[in-house]
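Under this note's numbering, the sequence shown has 265 at position 263, and the numbering climbs by one with no breaks.
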Amino acid sequence: MKLWAGRFSKETDQAVNDFNSSISFDSRMYRQDIRGSKAHATMLCSVGILTEEEKDAILGGLTQIEEDLTTGALAFDPAAEDIHMFVEAELTRRIGDAGKKLHTARSRNDQVALDIRLYLRDEIDSLIPLVKALGKALCAKAGENLTTVMPGYTHLQRAQPITFAHHLMAYANMLARDLGRLADCRRRMNVMPLGSGALAGTTYPLDRELVKELLDFDAVTLNSLDGVSDRDFCIELASALSILMMHLSRFSEEVILWCSWEFRFVELDDAFSTGSSIMPQKKNPDITELIRGKAGRVYGDLATLLTMMKGLPLAYNKDMQEDKEAIFDAVDTTRLCISTLIPMLETMTVKPANMRAAAAGGFINATDCADYLAKQGVPFRDAYKVTGQLVALCIEQGTTLEELPLAEYQKLHPAFAPDVYDAIRLETCLGQRKVTGSPAPETVEGQIAAAAKWFED
Ligand code: ARG
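See the structure below:
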């Protein structure tokens, strides 16, 4: 029998029941539902709506239910419409009439709005340390590779020399912004909607401030229609997670490239790669490919949420029940990706010799050669042109700027002197890039030290 059966003369069609039910996916919020109900009951008692005995019976019953659900002594009833109905019905079954009073001055609309906020707030609180752990893993790898020279790319063409440390720290910076977005999202989410009722508040003299305090919220919602129908916080979280996944996906794509025989910049630990069922030589970076793929899945969750909300008139509509699977999936997927990526990164072997060999080809010191001339007073545009001609000459002769004889340099410009060879050495090109944000080893060391603060617990 439904808790709302009074108005109805027929049982709900079984197929409709199944279609309508959300317990298969919202049961994961049982702790938050119970925590919210306890705060509500405590407040109802403090304003005189429940007696002390009723409140105690409710709190005791809810504690028991939570314990039994956690141990598995009590199973979720798949026939229950949702987690809210299930807990309330079970409470009433256990403690009788007091249980029936719990829902006074409350609607499932403000209840579910509360529960999702509590649930997602907990999720953010456990995601943040995980993102920090990934940030720390990046910093640690970077610290080991301050002088590991590699080509920096634009258009996936070798461009200028950088270090592997510098490259990794780019991702650390992205993660720092991701952390900022998660914290912002948590802040805006942390507003207490209970007391909004179904949509129009309530005539009961509720103490919303007390509920806010009991549940560690920063404020109470100020408009009951908005309180029950706002899902911005789900969208905001899905969007922060989408950006985070986009970062993980870019990194994954690079690892995939770096593992290939074409690059051979890194090698994944055997425990973090997979083989082929037919090609015995294969060692595949499946983990990173999956992360790249799952980024699309999280974007899909964001699109689901945005699309679900865009046409909804105020206030609650059942469409909004669809928020949960999408946002839960976005959170679960992101968590899974980060947890897998951390040990993969930690066990990844770097191949400095291969990175250096790649950096030594491709004329990635050409800008430095032009800068050498410019520093002798040659206008940069002219220096650029002369260097372009030198590169063309090297390509023609199958040599490099390092090996081209000085006489050839001087034929193109008299300002070239023997110290040009020092100026175009990879170590010089790197070591001189010391301005804030550049890849010189000591500059990156400073970056890593700054990043330690972003990721500290
Ligand atoms: N299971 C519902 C949801 O997730 C709870 C709110 C239902 N409210 C209602 N009036 N049908 O959105």
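The beta carbon of each residue, even a glycine, is placed where N, CA and C say it ideally should be.
Quiz item: When DSSP labels each residue in this structure, what does alanine 221 get in the three-state scheme?
Solution: Here residue 221 refers to the residue found at position 219 of the sequence shown. Residue state, collapsed to three classes: strand.
Quiz item: Given isoleucine 329, which residues of its chain have a CB within under 8 angstroms of its CB, disregarding the five upstream and five downstream residues?
Solution: Translated into positions along the sequence shown, residue 329 becomes position 327. Taking isoleucine 329 as the centre and dropping the five residues before and after it, the same chain places the C-beta of Ile118, Leu122, Cys236, Leu239, Ala240, Asp303, Leu307 closer than 8 angstroms to its C-beta, in chain order.
Quiz item: To the nearest angstrom, how far is it from the Cα of valine 213 to the Cα of lysine 40?
Solution: As a working note, residue 213 is residue 211 in the sequence shown. As a working note, residue 40 is residue 38 in the sequence shown. Approximately 9 angstroms between the Cα atoms of the pair.
Quiz item: By DSSP, does methionine 350 sit in helix, in strand, or in coil?
Solution: Here residue 350 refers to the residue found at position 348 when the sequence shown is read from its first residue. In the three-state reduction of the DSSP assignment, methionine 350 falls in the coil class, being assigned neither a helical nor a strand state.
Practice problem: Classify isoleucine 258 as helix, strand or coil using the three-state DSSP reduction. | Solution: Position 256 of the sequence shown, counted from the first residue, corresponds to residue 258. Assigned with DSSP and collapsed to three states, isoleucine 258 falls in helix.
Exercise. Provide the residue span of the beta strand (DSSP E) that contains glycine 154, from first to last.
Key: Position 152 of the sequence shown holds residue 154. Bounds of the beta strand (DSSP E) holding glycine 154 are 151-156.
Self-check item: Buried versus exposed, by CB contacts within 10 Å (16 or more), valine 257
Solution: Position 255 of the sequence shown, counted from the start, is the residue given in the question as residue 257. Classification of valine 257: buried, given that the 10 Å Cβ count is 16 or more.
Quiz item: Would you call the stretch 306-322 and the stretch 346-355 in contact, with 3 or more CB pairs under 8 angstroms?
Solution: By the C-beta criterion, the stretch 306-322 is judged not to be in contact with the stretch 346-355, since fewer than 3 inter-stretch pairs fall below 8 angstroms.
Self-check item: Cβ-Cβ distance between arginine 266 and asparagine 356 below 8 angstroms
Solution: In the sequence shown, residue 266 corresponds to position 264, counting from 1. In the sequence shown, residue 356 corresponds to position 354, counting from 1. In this structure, arginine 266 sits near asparagine 356, with a CB-CB distance shorter than 8 angstroms.
Quiz item: In this structure, does DSSP put isoleucine 164 in helix, strand or coil?
Solution: Here residue 164 refers to the residue found at position 162 when the sequence shown is read from its first residue. Residue state, collapsed to three classes: strand.
Quiz item: At which residue ranges does the stretch 7-88 contain complete alpha helix (DSSP H) runs of 4 or more residues, listed in the order of the chain?
Solution: The qualifying runs are 16-22, 25-28, 32-48, 54-73.
Quiz item: What whole-angstrom Cβ distance do histidine 42 and leucine 196 have, given they're in contact under 8 angstroms?
Solution: To locate residue 42, count along the sequence shown from 1; it is residue 40. To locate residue 196, count along the sequence shown from 1; it is residue 194. At roughly 6 angstroms, the Cβ-Cβ gap stays under 8 angstroms, so histidine 42 and leucine 196 are in contact.
Quiz item: What did DSSP end up calling arginine 356 once you bin it into helix, strand or coil?
Solution: Working through the sequence shown from its first residue, we reach residue 356 at position 354. The residue you asked about is not arginine; residue 356 is asparagine in the sequence shown. Of the three classes helix, strand and coil, the one that applies to asparagine 356 here is helix, per DSSP.
Quiz item: Where does valine 437 fall in DSSP's three states?
Solution: Here residue 437 refers to the residue found at position 435 of the sequence shown. DSSP, reduced to helix, strand and coil, places valine 437 outside both helices and strands of the structure shown, so it counts as coil.
Quiz item: Since isoleucine 289 contacts leucine 132 with CB under 8 angstroms, what's their CB separation in whole angstroms?
Solution: Numbered from 1 along the sequence shown, position 287 holds the residue referred to as residue 289. Numbered from 1 along the sequence shown, position 130 holds the residue referred to as residue 132. Actually they do not touch by this definition, with Cβ atoms about 16 angstroms apart.
Self-check item: valine 193 - partner residues in DSSP beta bridges
Solution: One-based indexing of the sequence shown puts residue 193 at position 191. Answer by DSSP bridge pairing, in chain order: Ala221.
Self-check item: Host alpha helix (DSSP H) of serine 109 (start-end)
Solution: As a working note, residue 109 is residue 107 in the sequence shown. Neither: serine 109 is in no alpha helix (DSSP H) and is coded neither H nor E.
Quiz item: For asparagine 286, which beta-bridge partners are listed by DSSP?
Solution: Residue mapping note: residue 286 aligns to position 284 of the sequence shown, counting from 1. Residue pairing by DSSP places asparagine 286 opposite Thr276 in a beta bridge.
Exercise. With a threshold of 7 angstroms, establish whether the CB of arginine 119 neighbours any heavy atom of ligand 1.
Key: Counting from 1 along the sequence shown, the entry for residue 119 is found at position 117. The answer is no for arginine 119.
Quiz item: Taking just the CA atoms, how far does methionine 247 sit from serine 278?
Solution: By one-based count along the sequence shown, residue 278 stands at place 276. By one-based count along the sequence shown, residue 247 stands at place 245. In a straight line, the C-alpha of serine 278 is about 27 angstroms away from that of methionine 247.
Quiz item: What do you get for proline 163, buried or exposed, if any count of 16 or more other CB atoms within 10 angstroms of its CB means buried?
Solution: As a working note, residue 163 is residue 161 in the sequence shown. Buried is the call here.
Quiz item: What three-state label does DSSP hand glutamine 159 in the structure shown?
Solution: Taking the sequence shown and counting its residues from 1, one reaches residue 159 at position 157. In this structure, glutamine 159 counts as strand in the three-state DSSP scheme.
Practice problem: Say yes only if the C-beta of arginine 108 is nearer than 7 angstroms to one or more non-hydrogen atoms of ligand 1, and no if none qualify. | Solution: For the purposes of this step, residue 108 is taken as the residue at position 106 of the sequence shown. Distances from the CB of arginine 108 to the heavy atoms of ligand 1 are all 7 angstroms or more.
Self-check item: Separation of glutamine 16 from threonine 309, as counted between CA atoms
Solution: The residue labelled residue 309 in the question sits at position 307 within the sequence shown. The residue labelled residue 16 in the question sits at position 14 within the sequence shown. Each residue's CA atom was taken as its position, placing threonine 309 and glutamine 16 some 29 angstroms apart.
Quiz item: Do isoleucine 67 and leucine 93 have their CB atoms nearer than 8 angstroms?
Solution: Position 65 of the sequence shown, counted from the first residue, corresponds to residue 67. Position 91 of the sequence shown, counted from the first residue, corresponds to residue 93. Going by C-beta atoms, isoleucine 67 is nearer than 8 angstroms to leucine 93.
Quiz item: Would you call the CB atoms of isoleucine 450 and glycine 145 closer than 8 angstroms?
Solution: Counting from 1 along the sequence shown, the entry for residue 450 is found at position 448. Counting from 1 along the sequence shown, the entry for residue 145 is found at position 143. Contact flag set, yes.
Quiz item: If you count every other CB in all the chains shown that lies within 10 Å of the CB of glutamate 90, and 16 or more means buried, which is it?
Solution: Taking the first residue of the sequence shown as position 1, residue 90 is located at position 88. With a threshold of 16 other beta carbon atoms within 10 Å, glutamate 90 meets it and is buried.
Quiz item: Do alanine 442 and cysteine 141 come within 8 angstroms of each other at the CB atom, strictly closer than that value?
Solution: Position 139 of the sequence shown, counted from the first residue, corresponds to residue 141. Position 440 of the sequence shown, counted from the first residue, corresponds to residue 442. By the CB criterion at 8 angstroms, cysteine 141 and alanine 442 fall outside the cutoff.
Quiz item: Rounded to whole angstroms, how far is the Cβ of glycine 137 from the Cβ of phenylalanine 457, which I believe are closer than 8 angstroms?
Solution: Along the sequence shown, read from residue 1 onward, the residue named residue 137 stands at position 135. Along the sequence shown, read from residue 1 onward, the residue named residue 457 stands at position 455. Under the criterion of beta carbons closer than 8 angstroms, glycine 137 and phenylalanine 457 qualify as touching, at roughly 4 angstroms.
Exercise. State the beta-bridge partners of glutamate 410 as determined by DSSP.
Key: Your numbering for residue 410 matches position 408 in the sequence shown. Per DSSP, glutamate 410 has no beta bridge partner at all.
Quiz item: Between the C-alpha atoms of alanine 161 and proline 416, what's the straight-line distance to the nearest angstrom?
Solution: For this step, residue 161 is matched to residue 159 along the sequence shown. For this step, residue 416 is matched to residue 414 along the sequence shown. Approximately 26 angstroms between the Cα atoms of the pair.
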